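Each remark here refers to the structure printed beneath this line.
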Amino acid sequence: MPRILLILILLILSISLCAQEIVSDTDKPNSVLPTYQKLHPAGRSVEFGGRPVDLAMAPDKKHLYVKDNRGVVVIDVAQWKVIQEINVDGGTSFHGIVVSSGGHTLYVTNSKSQIAVGSISDKGLITWKKPINLPGKGESFPCGLALRSHDTEAVVCLSRSNSIAVVDLKSGRVTREISVGIAPWGAALSRDEQTAYVTNWGGRRPIPTDKTADSGGSPVRIDSRGIGNSGTLSIVDLKAGKALAEIDTGLHPCDLKLSSDGTRGYTSDANSDTVSVIDTTNRKLIKTLSTRPGQKLQFGSAPTGITLAADEKTAYVTNGGNNTVAVLPLNKQNGLSGLIPAGWYPGAIIRSGNKLYVANVKGVGSRRPNKSHRGWSVYDFQGTVQEIKIPDQKELTAYTSQSTTNDLIAQMRLALEKRKSGSKRVPVPTKTGESSIFEHVIYVIKENRTYDQLFGDLKQANGDSALCTFGRKVTPNHHALAEQFVLLDNFYCNGVNSADGHSWVTEGSVTDHLEKAQGGYTRSYTWGDDALNYCSSGFIWDNVLAHGLSFTNFGEMDYASSIPPAKFSAYYHDYFGGPKKIQYKHNVGIANLKKYTVEEYPGWNTSIPDQIRADIFLKHLQQFEADNSLPNFTILYLPNDHIGEDISPESYLADNDLALGKVVEGITKSRFWPNTCIFVVEDDPQNGWDHVDGHRSLCLVISPYTKRKTVIHSFYNQTSVIHTMEAILGLPPMNQMDAIAPLMNGCFQQRPDLSAFSHLPNSTPLLDEKHALYHILHKSPHTASIRFDKPDIINDSLFNKLIWNTVRRKTAYPFMYAGAHGRGLKRFGLMLSLRKTIPDVDGD
């Protein structure tokens, strides 16, 4: 990538989903994203405090109704401004909003298995009436819906029930429930309204010979990697109450549009980057059209929504991953007519006359001013809706050029170039297939710390010691590794919590499920246990295995339990104090990962000391040495810097630090050290405090060819690590997101330094129970809600305050530096231009 482009893209500021306006001396993009993409949305946009997922236009075209994670936003189209934001009880679902034909009633599916019913005033404002309860005892998670003429009945997709419900809107009674495929998403009706067409996000129901895994309580069909491999369209006879046919589509078929004569159906297939064209008369798939901006590019466009041009010869498709609207000719087999720049992750689209209206799920990131608390939070969503005049050919050509630049298409293509013969061995090859000096990569994944929390006390880099809660005394090994090798002070996470954070660090991307689920994870909060959540491009280990390399997993995406359950100190004394009475049991939900997972190594469970994890790994390392069998790629999960409730926060970090130090020492003193590279990352920053931005995080790069005692100011992110590991192992990028991430060549040198690392002993007690969080957690109704059964099913802001107050005790919590504030960007040569500001004093 050209040096000037690296400088321009440099600082993302809220790499955890916080697109803010950035202005540099040499370029003035509207927004720069953590994926390295830029935003220059076409047309005009309006912002509001939510994550918009669907929209509907009033019959008189005066008002646009937008469904977001909270409820409904009403936009006055002529004035192009928000005139109402009204919540729905319990929040909403992924999809489903419609206005009655007369324009007086609004129907919205919510997360409580209901249709919220709104009365629309003459001014377009909504007043909620009594909701309609749907089958499923509150667990059906309804999505798309379609109305019969005269607004007498509605057909509603019941995602978790794998059925559709026919509802009498006058009585509010469900008259029929009809089985369809897995996770029905969108619905449309034939012209005579006797037939319903339903997109099934999870595809066909499994048969006994199918491989299956769970998704939201239902078994779904999976491929050999453990990833959902079916998507379908059901054709349902509403009168007979049964499905007549089920037609295969691409994966994750979301939005659905029918031609005006009803003979064609078009589905946007978010996990296949395609639009499926269906012959509804003969009930068959006619063809599949790609929405990627280049036919040779990998997965990553994620078409989420679709609408048709007036002549129905063209489809306008929201490519969530590309932040564009793809202009797709329907009479050709392949190729786009052009691209229109959208906002961040466009998730839905409708056409009204010569205008397109686009709901951008992420909008401008977590930038909503919120008077209910001080500072920023990753849950302060600020979505956008665009109005775009359908462009003529000249305008479309200009839009396409802008979109291609925004999406870094040239960089994607460069990342796929093959090596030239006779290339020299280097630490990090720049082209796929070039030879690396390294033969082994060890990938250490940890949990939830920002840069300043650990490294703020390192004066040689951009840190703030006042925000350093786990400094050298608590984390001597992290500090020694950062000082002896490279210290990266401009590294960021792509994700906001463990649900999407672990996807970013293992897949290099996320699916439409995660982008639209951020409002509450009602269908599932996934951490390796929802087969419909994973990208069709697979995981990093799938890439490794597909190219004939070896792999072992120590703990990633494993829910560890034990017999009997115990507290931290009990685990510690049992393991190191004599005969081991406690037995560990692992639970890995991903089929292909489970086969390569070390059974005795415990994954997620903060009550289990990281010392045990390190000890188990080092015993396996001894065997690897004896057999000369260290895998090409190893994942090592050390989660206790997340902090649990059993011991003090400092003890958790000291436990994690000592474990990391011992692991690195073991590797550097092994026979494998001369050709091994270790990467250490956090899965997410937990909305934490940091003076640059709450989503700046830490990354360690440890190898004989890593530069020594060097501070690196270059921008890198989690997908940079993925891309760099792939380059080392001779693998192609998995998808568009890791393809555009910058390689971390700046961390390496050509001459090796084979000096081994010696771990430092802990100076902070590992078993400090006096200041354990369980003394506080269950005394307050607020803190009692914090859970540790899965990573990060917590109120991040509340948990961060609890940790700070436990460690600092009398020092005021740094509200102004928590979350996506972006205050420290100026030092990196960028100026943050905020649309709005919020006070740092009022609140909690």
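If you count by our numbering, then the sequence shown holds residues 304 to 1147, one letter each, in order. Ideal placement from N, C-alpha and C gives every residue a C-beta, glycine not left out. For clarity, every value in this text was computed on a predicted model and none was experimentally measured.
Going by DSSP in three states, H366 sits in which element: helix, strand or coil? For the purposes of this step, residue 366 is identified with residue 63 of the sequence shown, where counting begins at 1. Per DSSP, reduced to three states, the secondary structure at H366 is strand.
Please tell me whether N800 and W807 are closer than 8 Å, where the distance is taken between their beta carbons. By 1-based counting over the sequence shown, the position of residue 800 is 497. By 1-based counting over the sequence shown, the position of residue 807 is 504. Between N800 and W807, the C-beta gap is not smaller than 8 Å, which leaves the two residues out of contact.
Helix, strand or coil, according to DSSP, for V1024 in the structure here? Taking the sequence shown and counting its residues from 1, the one referred to as residue 1024 is at position 721. Helix at V1024.
Do you know offhand how far S348's Cα is from K658's? The residue you call residue 348 lines up with position 45 of the sequence shown. The residue you call residue 658 lines up with position 355 of the sequence shown. C-alpha of S348 to C-alpha of K658: approximately 13 Å in a straight line.
Does the separation of the CB atoms of G346 and E690 fall below 8 Å? Residue 346 sits at position 43 when you count from the first residue of the sequence shown. Residue 690 sits at position 387 when you count from the first residue of the sequence shown. It is a contact, given that the beta carbons lie within the stated cut-off.
Buried or exposed for D328, going by 16 or more other Cβ atoms inside 10 Å? Stepping through the sequence shown from its first residue, residue 328 is reached at position 25. Because D328 carries a pLDDT of 27, less than 50, the predicted location of this residue cannot be relied on, and the following value inherits that uncertainty. Under this definition D328 is an exposed residue.
Residues of its chain near V891, where Cβ-Cβ distance is below 7 Å and the 5 sequence neighbours each way are ignored: In the sequence shown, counting from the first residue as 1, residue 891 sits at position 588. Cβ-Cβ distances below 7 Å link V891 to G831, M860, D861, K897, T900 in the same chain, with the five nearest sequence neighbours on each side left out; the list follows chain order.
Write down every uninterrupted run of the beta strand (DSSP E) in the stretch 497-531 whose length is 3 residues or greater and which is fully enclosed by it, in chain order. Considered as a whole, the stretch 497-531 harbours 498-506, 515-518, 521-524 as its complete beta strand (DSSP E) runs of no fewer than 3 residues, in chain order.
Nearest neighbour of T535, chosen from E903, A486, T498, P644 [CA to CA]: Taking the first residue of the sequence shown as position 1, residue 535 is located at position 232. If we check each option's Cα against that of T535, A486 comes out closest.
What distance in whole Å lies between the Cβ atoms of V469 and E456, which are believed to be in contact at a cut-off of 8 Å? For the purposes of this step, residue 456 is taken as residue 153 along the sequence shown, with counting starting at 1. For the purposes of this step, residue 469 is taken as residue 166 along the sequence shown, with counting starting at 1. Rounded to whole angstroms, the Cβ separation of E456 and V469 is 6 Å, and the two are in contact under 8 Å.
Measure the beta-carbon distance from I893 to G505 and round it to whole angstroms, keeping in mind my assumption that it falls under 8 Å. Locating residue 893 in the sequence shown gives position 590, counting from the first residue. Locating residue 505 in the sequence shown gives position 202, counting from the first residue. Contact annotation, I893 with G505: C-beta distance approximately 16 Å; criterion of less than 8 Å not satisfied.
Helix, strand or coil, according to DSSP, for K331 in the structure here? In the sequence shown, counting from the first residue as 1, residue 331 sits at position 28. Unreliable placement is indicated for K331, whose pLDDT of 38 sits below 50; the coordinate value is still reported in the next sentence. When secondary structure is reduced to three states using DSSP, K331 falls in the coil class, being assigned neither helix nor strand.
In this structure, does DSSP put R654 in helix, strand or coil? Along the sequence shown, read from residue 1 onward, the residue named residue 654 stands at position 351. If DSSP states are grouped into helix, strand and coil, R654 belongs with the strands.
According to the neighbour-count rule (16 or more other Cβ atoms, all chains shown, within 10 Å of its Cβ), is E549 buried or exposed? Within the sequence shown, the letter at position 246 stands for residue 549. With 16 or more Cβ atoms within 10 Å of its Cβ, E549 is classed as buried.
Minimum length 4: unbroken alpha helix (DSSP H) runs contained in the stretch 798-855: The stretch 798-855 contains these whole alpha helix (DSSP H) runs: 801-810, 815-820, 843-849.
Who are the near neighbours of L1076 in its chain, counting only those whose CB is closer than 6 Å to its CB and skipping five residues on each side? Locating residue 1076 in the sequence shown gives position 773, where the first residue counts as 1. Hits under 6 Å: E948.
Quick check on this structure: which residue in N990, M1040, M1119 has the alpha carbon closest to the alpha carbon of R752? Sequence index remark: in the sequence shown, residue 752 carries index 449 (1-based). In this structure, N990 is the residue among N990, M1040, M1119 with its C-alpha nearest to the C-alpha of R752.
Between the beta-carbon of L1032 and the beta-carbon of V847, is there less than 8 Å? Taking the sequence shown and counting its residues from 1, the one referred to as residue 1032 is at position 729. Taking the sequence shown and counting its residues from 1, the one referred to as residue 847 is at position 544. Yes, these two residues count as a Cβ contact at 8 Å.
Give the straight-line distance between the Cα atoms of S853 and P1036, rounded to the nearest whole angstrom. Locating residue 853 in the sequence shown gives position 550, counting from the first residue. Locating residue 1036 in the sequence shown gives position 733, counting from the first residue. Roughly 18 Å between the two C-alpha positions.
Is there contact here, the stretch 1058-1070 with the stretch 768-785, by at least three beta-carbon pairs under 8 Å? Yes: the two stretches touch, three or more of their Cβ pairs being nearer than 8 Å.
Taking only runs that begin and end inside the stretch 1013-1060, name each unbroken beta strand (DSSP E) of 3 or more residues, in chain order. Entirely contained in the stretch 1013-1060, the beta strand (DSSP E) runs reaching 3 residues are, in chain order, 1013-1015.
Using only CA atoms, which one of N1103, A783, V420 lies nearest to G964? In the sequence shown, counting from the first residue as 1, residue 964 sits at position 661. Among N1103, A783, V420, the Cα nearest to that of G964 belongs to A783.
For I467, three-class secondary structure by DSSP: Locating residue 467 in the sequence shown gives position 164, where the first residue counts as 1. Here I467 sits in strand by DSSP.
Within the 8 Å Cβ cut-off, does P912 reach chain D? This model lacks chain D altogether, as it is built from one protein chain only.
Among H1016, D958, M1047, T1013, which has the Cα closest to the Cα of E1029? In the sequence shown, counting from the first residue as 1, residue 1029 sits at position 726. Answer by Cα proximity: M1047.
Check Y754 in the structure and name its three-state DSSP category. As a working mapping, residue 754 is identified with position 451 in the sequence shown. Y754: helix per DSSP, three-state reduction.
Can you give me the Cβ contacts of S521 inside the same chain, cut-off strictly under 8 Å, excluding the 5 residues immediately before and after it? By 1-based counting over the sequence shown, the position of residue 521 is 218. Same-chain partners within the cutoff: R463, N465, I485, A486, G505.
Quick one: Cα of K1093 to Cα of N532, how far? Within the sequence shown, numbered from 1, the residue matching residue 1093 stands at position 790. Within the sequence shown, numbered from 1, the residue matching residue 532 stands at position 229. K1093 and N532: Cα-Cα distance of roughly 26 Å.
If you compare alpha carbons, which of Y887, G881, Y878 is closest to G858? If you number the sequence shown from 1, residue 858 lands on position 555. Restricting attention to Y887, G881, Y878, the CA atom closest to the CA of G858 is found in Y887.
Which class does M860 belong to by DSSP, given the choice of helix, strand or coil? Stepping through the sequence shown from its first residue, residue 860 is reached at position 557. The three-state reading of DSSP puts M860 in coil, since its state is none of H, G, I, E or B.
Mapping DSSP to helix, strand and coil, what is A929? Position 626 of the sequence shown, counting from 1, holds the residue named residue 929. Helix, per DSSP.
Quick one: what's got a C-beta closer than 6 Å to S1062's C-beta in the same chain, skipping five residues either side? For the purposes of this step, residue 1062 is taken as the residue at position 759 of the sequence shown. Per the sequence presented here, residue 1062 reads as His, with Ser not at that position. Excluding residues up to 5 positions away in sequence, N780, G964, K965, E968 lie with their Cβ nearer than 6 Å to the Cβ of H1062 in the same chain.
With DSSP run on the structure shown, which of helix, strand or coil describes E388? On the sequence shown, position 85 is the one that residue 388 refers to. The answer is strand: DSSP assigns E388 an E or B state.
Classify T1140 as helix, strand or coil using the three-state DSSP reduction. Mapped onto the sequence shown, residue 1140 falls at position 837. Here the model assigns T1140 a pLDDT of 35, short of 50, so the residue's position is not dependable, and the following value carries that caveat. Here T1140 carries a coil assignment [DSSP, helix/strand/coil].
If you check the beta carbons only, do R373 and G394 fall under 8 Å apart? Reading the sequence shown from its first residue, position 70 is the one you call residue 373. Reading the sequence shown from its first residue, position 91 is the one you call residue 394. With contacts defined by Cβ atoms closer than 8 Å, R373 and G394 form a contacting pair.
Relative to the C-alpha of P337, which candidate in K870, Y410, S812 has its C-alpha closest? For the purposes of this step, residue 337 is identified with residue 34 of the sequence shown, where counting begins at 1. Residue S812 is the option with its Cα nearest to P337.
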